[in-house]
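Colleague: Using mature numbering (1 follows the signal peptide of the UniProt record, and there is no 0), the letters of the sequence shown correspond one by one to residues -19 to -1, 1 to 102. Beta carbons are placed, not taken as given, at the ideal position from N, Cα and C, and that holds for glycine. Below: one structure in structure tokens.
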Amino acid sequence: MKPLLSALLVSLMSATAVADSTPAHFKGEPADTLAQAVANFSEYNQRLAELLAQDELAITDLGSVHELTYTLENALEKIQEEVEAMAHTLEEVHQGSETGDFERVQSNGAAYLEAAQTLVP
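Have a look at this one:
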């Protein structure tokens, strides 16, 4: 019984040591709108590029990379959501053009262009 208890204690201490050595998790900057997501995507890609342009990365640089990837992930998630919505809106434009529905084309076309121009000015 003692060897089993000893093994269990060693396992628990090892798990605690591993948990303590894992990097802290950050939320990153929010991306509540497409404009905010695009701005964060641009800024944080630039930060990543600057870090990667160094001849050598220090451990603190890896920490910086770890932190900024959360913001990039948030931005990409929002951009993906918005691109899916744009695809749906563009399909409405397409179908409106096929059926001669001028109002459908104009209203959806304006919404599509507004979002698309936020993504790619």
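Is the separation between the beta-carbon of residue 22 and that of residue 60 shorter than 8 Å?
Modeller: Going by C-beta atoms, residue 22 is nearer than 8 Å to residue 60.
Colleague: Along the chain, where does the alpha helix (DSSP H) that runs through residue 42 open and close?
Modeller: That run of the alpha helix (DSSP H) goes 40 to 80.
Colleague: Consult DSSP for residue 34 and reduce its assignment to one of helix, strand or coil.
Modeller: Correct three-state label for residue 34: coil.
Colleague: With DSSP collapsed to three states, give me the class of residue 10.
Modeller: Residue 10: coil per DSSP, three-state reduction.
Colleague: Taking only three categories from DSSP, how would you classify residue 86?
Modeller: Looking at residue 86 - three-state DSSP - the assignment turns out to be helix.
Colleague: State buried or exposed for residue 52, treating a residue as buried only when at least 16 other CB atoms are found within 10 Å of its CB.
Modeller: Buried, because 16 or more other Cβ atoms sit within 10 Å of the Cβ of residue 52.
Colleague: Going by beta-carbon coordinates alone, are residue 15 and residue 96 separated by less than 8 Å?
Modeller: Yes. Within cutoff.
Colleague: How would you label residue 101, buried or exposed, when you count the other beta carbons within 10 angstroms and need 16 or more for buried?
Modeller: Classification of residue 101: exposed, given that the 10 Å Cβ count is below 16.
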